[in-house]
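Here's the structure we're looking at; comments come further down.
2 protein chains.
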Amino acid sequence: MKLTILGCHSATPKVTAHPTAQVLEIKGHLFLIDCGEGTQVQLRRNKVKFSRIRHVFISHLHGDHFFGLVGLISTFRLLGREAELHIYGPKGIKEAITLQLKLGNSWTNYPLIFHELDSNSPEVIFEDDKLTVETIPLKHRVYTNGFLFREKPGERKLILKAAQKAKVDKSLFNKVKQGYDVENELGDIIPNELLTEDPEPPKSYAYCSDTAYLPRVVNQIKGSDVLYHESTFLDHHHLLAEKTMHSTAKEAAAIAKKAEVGTLILGHYSGRYGDLSAFKSEAGQIFENVVLAEDGKSFEF
Amino acid sequence: MKLTILGCHSATPKVTAHPTAQVLEIKGHLFLIDCGEGTQVQLRRNKVKFSRIRHVFISHLHGDHFFGLVGLISTFRLLGREAELHIYGPKGIKEAITLQLKLGNSWTNYPLIFHELDSNSPEVIFEDDKLTVETIPLKHRVYTNGFLFREKPGERKLILKAAQKAKVDKSLFNKVKQGYDVENELGDIIPNELLTEDPEPPKSYAYCSDTAYLPRVVNQIKGSDVLYHESTFLDHHHLLAEKTMHSTAKEAAAIAKKAEVGTLILGHYSGRYGDLSAFKSEAGQIFENVVLAEDGKSFEF
């Protein structure tokens, strides 16, 4: 699982501060999460292959999270894309995008499939044999979802030498990996635990941006390996955070602690702060394993 | 009159190639012409004061000319703008912008005034005591206008020493500048030509992008000091230019020559060309005074 931060700043884009966008590589997918203005250039700058993006998840319809989407969709068309593109985002996103394509007489020549969201309860919006993606309903000035990316438990790991020694025929290996006991060439039943090891534990990534402090997400994201939680403000601006329905670094850390996540990544910084290290130290007083998002930074976990 | 090129590349934005946007400083105004994705960052990079922009002219609704507009409008709001912003562009632009603001629950707190265009004949869309702006109907895949910015003739220049010598009272200087003969302190009529010089000739700037080769614009832009004309392609791609309703450098130069403009600025280059100097040499064979637009380059004239 690899997360690349394309932008982690709030509100207005600047020369060196990009609005929210990130790509998550997980189980062969490359998911784009949010798409502020300039995301397509950030994808180029970070050498992300456009064609690998097949699913885009938009948290909410504030500009710093979605004004880059229509340009990205248009660029895919100009580059001759043929593969489907799935867009998951709040109700209304389809109209906003299609109206602009219509005005430019620039319909895509690849299938553009919208999955509009309006539920206030968590729901699974993508699933294949290796992972699920579910919404995390958040609390912000407009309808907003975070997203929880959860790997499914993998197959058990075959211990090849043990299987050979136990004279288990190759044709049964898939069954073994699925956890079954099998009969060997001599007709003996070989218990699965002699032939396999536990798989890598499935990983999970929770993305929570933008949101006011919202303890009810804790249950849903409990034990996630990594949590990206917005921290637009520092604690001394907590009244401003309340008013604008954003979180402070302290509140993000409180969520991380209660949810017992592995690592907390902070981001969505307000432009008012010059030095961002205060975000880390403020959160660090509550939750130990904190890292700061930076535009262009990748995390492997 | 000062023109700053914020972006002069066609189609998809890249790390070092920005889509179309430029600012024209003329008679105290700062006009923004087109607004591709990333224009607000280009404005910052080129240190253009946001508050000075009160009029935005959008040629057509292809993404590389207008996807940056909604973000710019939103940023103005976040920065606390109070002054009116006037947007001139094709019919439909108002709906595209307002729908996105509505979805984000992000109405501007300053007056946002749309002037939607749908005429196929030139029309004056802005006028004050110092200049006019008129549309130049162009020929492209969607409804498109260029813009002609024309200074009005200024007042005649007072020759102070001559006026004093002729004993003309100060209170008459304004009348003199307006071209009138006046009576001096001795009761003599002083002819205006003794008191004034011709003013600076009024300047004009013609912006033509995007368009197929369109000789009918020649009459309208005749004698302009500066013509910015798109040249998406070189002549060996002229069939592609025809098909996509763009121009070649050779065609842009032919327009410049027929219109007897002072300077031709080329831009809107296709991304397929590495070295742009061929644009200059191709156009230079037909029209002498050619310069190449570059992102971040300013021209004073």
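Note that the protein sequences, when read in sequence, are chains V and P. If you use the numbering used here, the first sequence corresponds to residues 757 to 1057, in order. If you use the numbering used here, the second sequence corresponds to residues 757 to 1057, in order. Heads up, the beta-carbon is just placed ideally off N, CA and C, and yes, glycines get one too.
Cβ-Cβ separation, V924 of chain P to I946 of chain P (assumed contact under 8 Å), whole Å = Yes, I946 of chain P and V924 of chain P are in contact; Cβ-Cβ is about 6 Å, under 8 Å.
Quiz prompt | Close-in-space but distant-in-sequence residues of the same chain around H994 of chain P (CB under 7 Å, 5 per side omitted) | solution = T1004
Grouping DSSP H, G and I as helix and E and B as strand, with all else coil, what is I977 of chain V?
-> Secondary structure of I977 of chain V (DSSP, three-state): helix.
* Straight-line CA distance for G935 of chain P to L950 of chain P? -> The straight-line gap separating the alpha-carbon atoms of G935 of chain P and L950 of chain P is approximately 11 Å.
I want to verify the contact list: residues of chain P whose CB lies under 9 Å from the CB of E851 of chain V, in sequence order. L855, L859
field: C-beta atoms of L1032 of chain V and L1020 of chain V nearer than 8 Å
entry: no
* Reference Q976 of chain V, options V:V797, V:R906, V:D1051, V:D874, closest by Cα -> V:R906
- Item | Interface residues of chain P facing H992 of chain V [CB-CB closer than 9 Å] | What H992 of chain V touches in chain P: nothing, since even the nearest Cβ is about 21 Å away.
Rounded to the nearest angstrom, what separates I1042 of chain P and V932 of chain P at their Cα positions?
44 Å
Q: Tell me, please, whether the CB atom of F989 of chain V is closer than 8 Å to any CB atom in chain P?
A: no
So for N930 of chain P, helix, strand or coil by DSSP? helix
Straight-line Cα distance separating K895 of chain P from V1017 of chain V:
58 Å
Check your understanding: With a Cβ-Cβ cutoff of 8 Å, do I761 of chain V and D1051 of chain V count as a contact?
Key -> yes
Note to self: Cutting at 6 Å between CB atoms, please list the residues of its own chain near P957 of chain P, excluding the five before and the five after it.
What the structure shows: none
Chain P contact residues for T831 of chain V, given Cβ-Cβ distances below 9 Å
A767, T768, P769, G819
G827 of chain P and Q798 of chain P: beta carbons closer than 8 Å? no
I'd like to know whether the C-beta atoms of F1035 of chain V and L990 of chain V end up nearer to each other than 8 Å.
yes
Item checked: Uninterrupted beta strand (DSSP E) stretches inside the segment 944-1011 of chain V (no shorter than 3 residues) -> 960-964, 982-986
DSSP three-state label for E1056 of chain P, please. strand
- Just the C-alpha distance for A773 of chain V and N802 of chain P, rounded to the nearest angstrom, thanks. Using only the alpha carbons, I get a separation of about 16 Å.
Please list the terminal residues of the continuous alpha helix (DSSP H) segment that includes G819 of chain P. 819-822
For E793 of chain V and chain P, any beta-carbon pair shorter than 8 Å?
Judged by the 8 Å Cβ criterion, E793 of chain V is in contact with chain P.
**Message:** Strictly by DSSP, which residues pair up with L1060 of chain P?
**Reply:** The question about residue 1060 of chain P has no answer here: the residues shown for chain P are numbered 757 through 1057.
| Which ranges would you report for the alpha helix (DSSP H) in the segment 845-921 of chain V if only whole runs of at least 4 residues count? | Fully enclosed alpha helix (DSSP H) runs of 4 or longer: 849-859, 916-921.
(request) Check whether the Cβ of L834 of chain P lies closer than 8 Å to any Cβ atom in chain V. (result) yes
Item to complete: Take S980 of chain V as the anchor and find which of V:A968, V:Y961, V:H992, V:V974 has the nearest alpha-carbon.
Response: V:Y961
>> Just checking: is the beta-carbon of G827 of chain V within a distance shorter than 8 Å of some beta-carbon in chain P?
In response: yes
At least 3 beta-carbon pairs within less than 8 Å: the segment 835-844 of chain V vs the segment 863-872 of chain V: By the Cβ rule, the segment 835-844 of chain V counts as touching the segment 863-872 of chain V, because three or more pairs are nearer than 8 Å.
Less than 8 Å between the C-beta atoms of H985 of chain P and C964 of chain P, yes or no? yes
Enclosing beta strand (DSSP E) for L762 of chain V [first to last residue]:
758-763
Pull up the distance between the alpha-carbon of P955 of chain V and that of E851 of chain V, whole angstroms please.
-> 44 Å
Residues near K1053 of chain V in its chain [Cβ-Cβ closer than 7 Å; skip 5 each side] = The answer, listed in chain order, is I761.
| said: One question on the structure: do E872 of chain P and I853 of chain P come within less than 8 Å of each other, judged by their Cβ atoms? | reply: Against a cut-off of 8 Å, the Cβ pair of I853 of chain P and E872 of chain P comes out as no contact.
Could you check whether the Cβ of R808 of chain V sits closer than 8 Å to any Cβ belonging to chain P? no
Any heavy atom of the ligand SAH closer than 7 Å to the CB of K908 of chain P? Absence of the ligand SAH is noted for the structure shown, with no ligands found whatsoever.
Beta-carbon of F823 of chain P versus every beta-carbon of chain V: anything under 8 Å?
F823 of chain P has a beta carbon lying within less than 8 Å of a beta carbon in chain V.
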